[in-house]
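*Asks:*
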Amino acid sequence: MRRFRRDPLTAIEHLRHRARGDVFRLPWGDWCVGDADLARAVLRDPVVNDGMSAFFGALLPSRPAQVAVGRAVRDLVRARVPDFRHGLAAAVAGLPADSAWPEAGIDLVHRAMADLLLHPGTPDATRWSLARAARGGVLIRPPRVWQRARAEVLRGRLLAGVAEQVAERRARAASEPRDVLDAVLGACPDGMADRTVAELFALLFRAIVAPVGCTVAWSVLLACLHTSASPWPWPVDWVVREALRHRPMAWMVVRPAPAGFGDVPVRSGEVLSVSPYLAHHDERLWADPDAFRPDRWAEPSGHGPYLPFGAGRFTCAGASPAQVLITGTVAALADDARLTVTGGDTRPVMADGLVPRPFTLHRRAKEVNDHDRCVAPHLHEPDRP
5 MRRFRRDPLT
15 AIEHLRHRAR
25 GDVFRLPWGD
35 WCVGDADLAR
45 AVLRDPVVND
55 GMSAFFGALL
65 PSRPAQVAVG
75 RAVRDLVRAR
85 VPDFRHGLAA
95 AVAGLPADSA
105 WPEAGIDLVH
115 RAMADLLLHP
125 GTPDATRWSL
135 ARAARGGVLI
145 RPPRVWQRAR
155 AEVLRGRLLA
165 GVAEQVAERR
175 ARAASEPRDV
185 LDAVLGACPD
195 GMADRTVAEL
205 FALLFRAIVA
215 PVGCTVAWSV
225 LLACLHTSAS
235 PWPWPVDWVV
245 REALRHRPMA
255 WMVVRPAPAG
265 FGDVPVRSGE
275 VLSVSPYLAH
285 HDERLWADPD
295 AFRPDRWAEP
305 SGHGPYLPFG
315 AGRFTCAGAS
325 PAQVLITGTV
335 AALADDARLT
345 VTGGDTRPVM
355 ADGLVPRPFT
365 LHRRAKEVND
375 HDRCVAPHLH
385 EPDRP
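Letter by letter, the sequence shown follows residues 5 to 389 in the working numbering.
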C-alpha cells in the first residue's frame with residue numbers, strides 16, 4: 005500500500021506486468037482487470053452492471069430515479085453552456101499571473117459555474133458556503149487530518165444552507181430550472197427529505213467541479229511540460245483528449261463480480277475493478293501509450309479502448325457536456341496568453357481520483373496574431389452522427 009500511495013500508476017502497472025492472466029489481485033484484496041478489451045467488456049456486461057449505480061449510494065430509491073436526476077442535471081448544464089462561457093471569461097480575467105494549481109483550476113471552474121450551480125437570487129450566505137466548500141477541501145479529500153475536519157464543518161454548513169433552500173423552493177416552485185439545485189429538486193421522487201435533496205446536490209456539485217477542474221489542470225500541466233511555452237502545436241481538443249487518456253481522473257472503477265470472470269475463478273460478490281488508466285496504456289492496442297502525444301488524435305489507428313467517462317450502462321451521464329466545459333476552459337486559459345509551469349510532476353496524488361501534484365501556472369499576456377492564436381473549437385458540443 006505504501007507504493008500505491010507514493011506512485012499509484014507505477015504500482016498498478018507493476019502488478020499488471022507480473023500477472024499471469026487477464027485479472028490480478030490488488031493489495032487490498034479486490035480483483036483488477038489487466039486486459040483492455042476485457043475491461044471494456046466488463047463495463048458493458050449486462051450481468052456485471054445490473055441494478056443501481058453505486059455513485060448515488062442510498063440517496064435515491066431506484067435506477068429510474070438515478071437516471072432522471074442524472075439526465076436533468078446534464079440537460080441543464082448543456083443548455084447553459086453560454087452562461088458558463090460568460091462566467092468563464094470573468095473568472096479567467098481574474099486569475100493571477102502566477103497561480104497555485106490544481107486548487108486554482110477547481111476554483112476557476114467553480115467561479116465560472118457559480119450562477120449555474122446556485123442562481124444569483126439564492127441567499128448570499130448559501131452561495132458563500134458553496135464557495136467556501138469549493139476552496140476548503142470538500143471537493144478533493146485533503147491530505148491532513150485537520151484539513152479533513154475543517155472540510156467536514158464546511159460541508160455541514162453547506163448542507164444546512166442548501167436544505168433550507170430546498171424547503172423554500174418547494175414552497176415557491178419555479179416553472180423552469182434556474183440552476184443545478186432546481187434540476188435536482190425537480191427530478192427527485194416526491195416526498196424526499198430536504199436534507200437528502202441537499203446531499204444529492206452536494207454530490208453532483210463535487211462530481212461536476214472536481215473532475216472538470218482537475219482535468220483542466222492535467223491538460224495545462226502536461227501540455228506545458230511537453231512544449232517550451234504556449235501556443236501549443238496541437239488543437240486544444242486534442243490536448244484535452246490526450247490528458248483524459250494519459251491521466252484519467254476516474255482511474256479505477258469497481259463492479260460486483262459474477263461467478264467466474266476472465267481466467268480467474270472470481271467468487272460471486274467479490275469486487276472486480278477496472279482501471280481506465282491501464283486500458284489507456286495497453287501497449288498492444290495503443291501506439292506509444294506512455295507518451296503524452298496529442299497528435300495521436302489526428303491518426304485513424306493506434307487507439308485502444310477510451311474510457312475516461314466509463315462505458316456501458318453506467319457511462320457518466322455528463323460526459324459530453326463535461327468535455328465541452330474542460331475544452332472551453334483550457335482554450336480560455338491558453339488564448340491570448342503564454343503559459344508555462346514550474347514545479348510540475350506527472351505522478352498523481354491518489355485522492356478521490358488522479359489529482360495532480362501542486363504546481364504553479366505562469367500566465368502572461370502576449371501579442372496576438374493569426375499564427376499565435378490558440379487553435380480551439382467553439383464552446384459547444386459537436387454534432388452527433
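For each residue, glycine too, the CB sits at the ideal point set by N, CA and C.
Contact check, Arg-361 vs Asp-349 under 8 Å by CB: the rounded distance?
*Replies:* Translated into the one-based positions of the sequence shown, residue 361 becomes position 357. Translated into the one-based positions of the sequence shown, residue 349 becomes position 345. So it is a contact: roughly 4 Å between Cβ atoms.
*Asks:* Of all the options Val-37, Arg-6, Phe-28 and Leu-80, which has the alpha carbon lying nearest to the alpha carbon of His-284?
*Replies:* As a position in the sequence shown, residue 284 is number 280, starting the count at 1. Checked all of Val-37, Arg-6, Phe-28 and Leu-80; the closest Cα to His-284 is Val-37.
*Asks:* Three or more beta-carbon pairs under 8 Å between the stretch 215-227 and the stretch 109-121, yes or no?
*Replies:* yes
*Asks:* Does the distance from the CB of Ala-211 to the CB of Gly-357 come in under 7 Å?
*Replies:* Stepping through the sequence shown from its first residue, residue 211 is reached at position 207. Stepping through the sequence shown from its first residue, residue 357 is reached at position 353. It is not a contact, given that the beta carbons lie outside the stated cut-off.
*Asks:* Which of the three DSSP states, helix, strand or coil, is assigned to Cys-320?
*Replies:* Position 316 of the sequence shown, counting from 1, holds the residue named residue 320. Correct three-state label for Cys-320: coil.
*Asks:* Secondary structure at Leu-311, three-state DSSP: helix, strand or coil?
*Replies:* For this step, residue 311 is matched to residue 307 along the sequence shown. Reduced to three states, the DSSP call for Leu-311 is coil.
*Asks:* Just mark Asp-128 as buried or exposed, buried being the case when its beta carbon has 16 or more other beta carbons within 10 Å.
*Replies:* Taking the sequence shown and counting its residues from 1, the one referred to as residue 128 is at position 124. It is exposed - the Cβ of Asp-128 has fewer than 16 other Cβ atoms within 10 Å.
*Asks:* Out of Trp-150, Leu-185 and Ala-45, state which residue places its alpha-carbon closest to the alpha-carbon of Arg-317.
*Replies:* The residue you call residue 317 lines up with position 313 of the sequence shown. The residue with the shortest Cα to Cα distance from Arg-317 is Ala-45.
*Asks:* Using DSSP with H/G/I as helix, E/B as strand and the rest coil, what is Leu-99?
*Replies:* Working through the sequence shown from its first residue, we reach residue 99 at position 95. Residue state, collapsed to three classes: coil.
*Asks:* Can you give the beta carbon distance from Pro-298 to Val-243, rounded, assuming they're within the 8 Å contact cut?
*Replies:* Position 294 of the sequence shown, counted from the start, is the residue given in the question as residue 298. Position 239 of the sequence shown, counted from the start, is the residue given in the question as residue 243. Rounded, the Cβ-Cβ distance is 5 Å, consistent with contact.
*Asks:* When the cut-off is 7 Å and only beta carbons count, does Val-51 lie next to chain B?
*Replies:* Annotation note: the requested chain B is absent from the structure, which comprises a single protein chain.
*Asks:* Among Gly-195, Arg-75, Pro-293 and Ala-23, whose alpha-carbon lies nearest the alpha-carbon of Pro-65?
*Replies:* One-based indexing of the sequence shown puts residue 65 at position 61. Of the candidates Gly-195, Arg-75, Pro-293 and Ala-23, the one whose C-alpha sits nearest the C-alpha of Pro-65 is Gly-195.
*Asks:* Express the C-alpha separation of Arg-7 and His-18 in angstroms, rounding to a whole number.
*Replies:* Counted from its first residue, the sequence shown places residue 18 at position 14. Counted from its first residue, the sequence shown places residue 7 at position 3. Taking the straight line from one Cα to the other gives about 10 Å.
*Asks:* Quick one: using the 10 Å Cβ neighbour count with 16 as the cut-off for buried, is Arg-78 buried or exposed?
*Replies:* The residue you call residue 78 lines up with position 74 of the sequence shown. Buried is the call here.
*Asks:* Any contact between the stretch 140-155 and the stretch 165-182? By contact I mean 3 or more CB pairs, one from each, below 8 Å.
*Replies:* no
*Asks:* Determine whether the beta carbon atoms of Ala-233 and Thr-364 lie at a separation below 7 Å.
*Replies:* Taking the sequence shown and counting its residues from 1, one reaches residue 233 at position 229. Taking the sequence shown and counting its residues from 1, one reaches residue 364 at position 360. It is not a contact, given that the beta carbons lie outside the stated cut-off.
*Asks:* Express the C-alpha separation of Thr-319 and Tyr-310 in angstroms, rounding to a whole number.
*Replies:* Taking the sequence shown and counting its residues from 1, the one referred to as residue 310 is at position 306. Taking the sequence shown and counting its residues from 1, the one referred to as residue 319 is at position 315. For the pair Tyr-310 and Thr-319, the Cα-to-Cα distance works out to about 12 Å.
*Asks:* Could you give the first and the last residue of the continuous beta strand (DSSP E) run that contains Arg-29?
*Replies:* Reading the sequence shown from its first residue, position 25 is the one you call residue 29. Taken as a continuous stretch (DSSP letters only), the beta strand (DSSP E) holding Arg-29 covers 27-29.
*Asks:* I need the straight-line Cα distance from Ala-167 to Thr-200, nearest angstrom please.
*Replies:* Residue 167 sits at position 163 when you count from the first residue of the sequence shown. Residue 200 sits at position 196 when you count from the first residue of the sequence shown. Approximately 8 Å, taken between the alpha carbons.
*Asks:* Tell me which residues share the same chain as Arg-24 and place their Cβ nearer than 6 Å to its Cβ, disregarding the 5 neighbours each side in the sequence.
*Replies:* Here residue 24 refers to the residue found at position 20 of the sequence shown. There are no such residues.
*Asks:* Let's see if you can read the secondary structure: which residues bound the beta strand (DSSP E) around His-366?
*Replies:* Working through the sequence shown from its first residue, we reach residue 366 at position 362. Looking at the DSSP string, the run of the beta strand (DSSP E) that includes His-366 is 363-369.
*Asks:* Out of Trp-290, Arg-288, Glu-287 and Val-257, point me to the one whose CA is closest to Val-278's CA.
*Replies:* In the sequence shown, counting from the first residue as 1, residue 278 sits at position 274. Taking only the C-alpha atoms, the option nearest Val-278 is Val-257.
*Asks:* Using the beta-carbon count (16 or more within 10 Å), is Pro-100 buried or exposed?
*Replies:* What you label residue 100 is simply residue 96 of the sequence shown in a count that begins at 1. Pro-100 should be labelled exposed.
*Asks:* How is the alpha helix (DSSP H) around Ser-223 delimited, first residue to last?
*Replies:* Reading the sequence shown from its first residue, position 219 is the one you call residue 223. First-last of the alpha helix (DSSP H) with Ser-223: 198-229.
*Asks:* State yes or no: is the C-beta of Glu-280 within less than 7 Å of the C-beta of Pro-252?
*Replies:* Counting from 1 along the sequence shown, the entry for residue 280 is found at position 276. Counting from 1 along the sequence shown, the entry for residue 252 is found at position 248. As written in the sequence, residue 280 is Pro, which differs from the Glu given in the question. Yes, they are a contact pair.
*Asks:* Expressed to the nearest angstrom, what Euclidean distance is found between the alpha-carbon atoms of Thr-130 and His-123?
*Replies:* Within the sequence shown, the letter at position 126 stands for residue 130. Within the sequence shown, the letter at position 119 stands for residue 123. Each residue's alpha carbon lies about 11 Å from the other.
*Asks:* Buried or exposed for Thr-346, going by 16 or more other Cβ atoms inside 10 Å?
*Replies:* Here residue 346 refers to the residue found at position 342 of the sequence shown. Exposed.
*Asks:* Nearest by alpha-carbon distance to Pro-31: which of Asp-41, Ala-40, Arg-20 and Glu-180 is it?
*Replies:* Translated into the one-based positions of the sequence shown, residue 31 becomes position 27. Answer by Cα proximity: Arg-20.
*Asks:* Determine the closest residue to Arg-82 out of Leu-121, Pro-12, Asp-34 and Ala-202, with distance taken between C-alpha atoms.
*Replies:* Residue mapping note: residue 82 aligns to position 78 of the sequence shown, counting from 1. That would be Leu-121, whose Cα lies nearest to the Cα of Arg-82.
*Asks:* Could you check which residue in Arg-161, Ala-355 and Gly-308 has the C-alpha nearest to that of Leu-282?
*Replies:* Within the sequence shown, the letter at position 278 stands for residue 282. For the residues Arg-161, Ala-355 and Gly-308, the minimum Cα distance to Leu-282 belongs to Gly-308.
*Asks:* If we count the other Cβ atoms within 10 Å of its Cβ and call it buried at 16 or more, is Trp-222 buried or exposed?
*Replies:* Your numbering for residue 222 matches position 218 in the sequence shown. Per the 10 Å Cβ criterion, buried.
*Asks:* To which residues of the same chain is Ala-15 closer than 6 Å at the C-beta, ignoring the five residues directly before and after it?
*Replies:* Along the sequence shown, read from residue 1 onward, the residue named residue 15 stands at position 11. So the qualifying residues of the chain are Arg-7 and Phe-8.
*Asks:* Which value, in whole angstroms, describes the spacing of the CA atoms of Pro-406 and Asp-286?
*Replies:* In the structure displayed, the chain extends from 5 to 389; residue 406 sits before or after that span and is not available.
*Asks:* To the nearest angstrom, how far is the alpha carbon of Val-240 from that of Ala-138?
*Replies:* The count along the sequence shown starts at 1 and reaches residue 240 at position 236. The count along the sequence shown starts at 1 and reaches residue 138 at position 134. Rounded to the nearest whole angstrom, the C-alpha separation of Val-240 and Ala-138 is 26 Å.
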